[in-house]
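*Asks:*
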Amino acid sequence: MKSTLFDTTKPVLEIKDLHKSFGTLEVLKGFNLKLYEGENLVLMGKSGAGKSVLIKCMVGLLDPDKGSVEILGKNIAGLSRKEMDILRTSIGFLFQGSALYDSMTVRENLEFPLRRHTRPNDLDDTDQLVLEALTNVGLENVIDLMPEELSGGMQRRIALARALILKPKIILYDEPTTGLDPITSKEIIELMSNIQKKYKTSSLIITHDVDCARVISNRMILILDGINYVEGTFNELQQSKDPKVKAFFK
Numbered sequence: 011m012k013s014t015l016f017d018t019t020k021p022v023l024e025i026k027d028l029h030k031s032f033g034t035l036e037v038l039k040g041f042n043l044k045l046y047e048g049e050n051l052v053l054m055g056k057s058g059a060g061k062s063v064l065i066k067c068m069v070g071l072l073d074p075d076k077g078s079v080e081i082l083g084k085n086i087a088g089l090s091r092k093e094m095d096i097l098r099t100s101i102g103f104l105f106q107g108s109a110l111y112d113s114m115t116v117r118e119n120l121e122f123p124l125r126r127h128t129r130p131n132d133l134d135d136t137d138q139l140v141l142e143a144l145t146n147v148g149l150e151n152v153i154d155l156m157p158e159e160l161s162g163g164m165q166r167r168i169a170l171a172r173a174l175i176l177k178p179k180i181i182l183y184d185e186p187t188t189g190l191d192p193i194t195s196k197e198i199i200e201l202m203s204n205i206q207k208k209y210k211t212s213s214l215i216i217t218h219d220v221d222c223a224r225v226i227s228n229r230m231i232l233i234l235d236g237i238n239y240v241e242g243t244f245n246e247l248q249q250s251k252d253p254k255v256k257a258f259f260k
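Plus 10 on top of the position in the sequence shown (first one is 1) and you've got my numbering.
Printed below as a string of structure tokens:
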């Protein structure tokens, strides 16, 4: 299901020696990461390990105390607010819990990023882009429904369609299968894999779901004690003799 072809000479996201503390609480203590073009990289860690802080540093919502984040070759610390907003159009984000706007229809949820980030002349293609995004997730028939009328799995698909609508080069998935039943989780994982193949996206997937990691990952990183404790393929980590690593696969 997953692609094994990705270019290790082309990191699209690179984090170097990232540190972040809140008062006396050290969360990130020199974290490093490279996401390569066309790769599905899974990041796993215990609750409170710093995964959410890491994502916020990646997209410029938090400033690190030390270290750097480079996205598509640009160090985000040196970008203006306008330049950062432009860069964010190259990053799709599937939020934990979907985070659809309750007061908007499916159509309006998908139109929102288009109206915010595209030029007025480009809005002529809005209907086509919305339909294409819904087709990608197999939900063309719910375009005028409200989020409350959708199942949890359907909401997750619509959230993924919204993340895709600007055709990003990088997608960040925050716990994409949390709260879903096993069958729906499998469907979402298959959808993520199909999207990678169709659009050649690079994906960073934060998950506690070992089955998701096994199926989707080209490579994995475990974050422990604020650092990238170990990285490798799913099979390499699963066969590790390190008790701290083995604990993730029980």
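Beta carbons: idealized from backbone N, C-alpha and C, even for Gly.
From K66 to T34, what does the alpha carbon distance come to, in whole angstroms?
*Replies:* 19 Å
*Asks:* In chain order, what residues of the same chain have a beta carbon less than 8 Å from the beta carbon of G189, not counting five sequence neighbours either side?
*Replies:* G107, G162
*Asks:* Among the residues of its own chain, which have a CB less than 8 Å from the CB of S195, if the five just before and after it don't count?
*Replies:* Hits under 8 Å: T187, D219, D221, C222.
*Asks:* Can you give me the C-alpha to C-alpha distance between G236 and M94, rounded to a whole angstrom?
*Replies:* 26 Å
*Asks:* Any idea which residues DSSP pairs R229 with across the strands?
*Replies:* L51
*Asks:* For M118, I'd like the list of residues in its chain whose CB is within less than 8 Å of its CB, leaving aside the five on either flank, ordered along the chain.
*Replies:* One detail in the question is off: residue 118 reads as Glu in this sequence, not Met. Within its own chain, the residues whose Cβ lies closer than 8 Å to the Cβ of E118, once the five positions on either side in sequence are excluded, are Y111, listed in chain order.
*Asks:* Which term fits G83, buried or exposed, when burial requires 16 or more other beta carbons within 10 angstroms of its beta carbon?
*Replies:* exposed
*Asks:* Among L38, K20, Y46, which one has its Cα closest to the Cα of R229?
*Replies:* Y46
*Asks:* Classify L71 as buried or exposed, calling it buried when 16 or more other Cβ atoms lie within 10 Å of its own Cβ.
*Replies:* exposed
*Asks:* Between the Cα of T243 and those of K254, S227, K251, A257, spot the shortest distance and give me the residue it belongs to.
*Replies:* If we check each option's Cα against that of T243, S227 comes out closest.
*Asks:* Along the chain, where does the alpha helix (DSSP H) containing L214 start, and where does it finish?
*Replies:* Counting along the chain, L214 falls outside any alpha helix (DSSP H), though it belongs to the beta strand (DSSP E) covering 212-216.
*Asks:* On the criterion of 16 or more Cβ atoms from any shown chain inside 10 Å, does D184 qualify as buried, or is it exposed?
*Replies:* Buried, by the Cβ-count rule.
*Asks:* Using alpha carbons as the reference points, say which of P192, G55, S212, L176 lies closest to A120.
*Replies:* Inspection of the sequence shows that residue 120 is occupied by Leu rather than by Ala. Per the Cα distances, L176.
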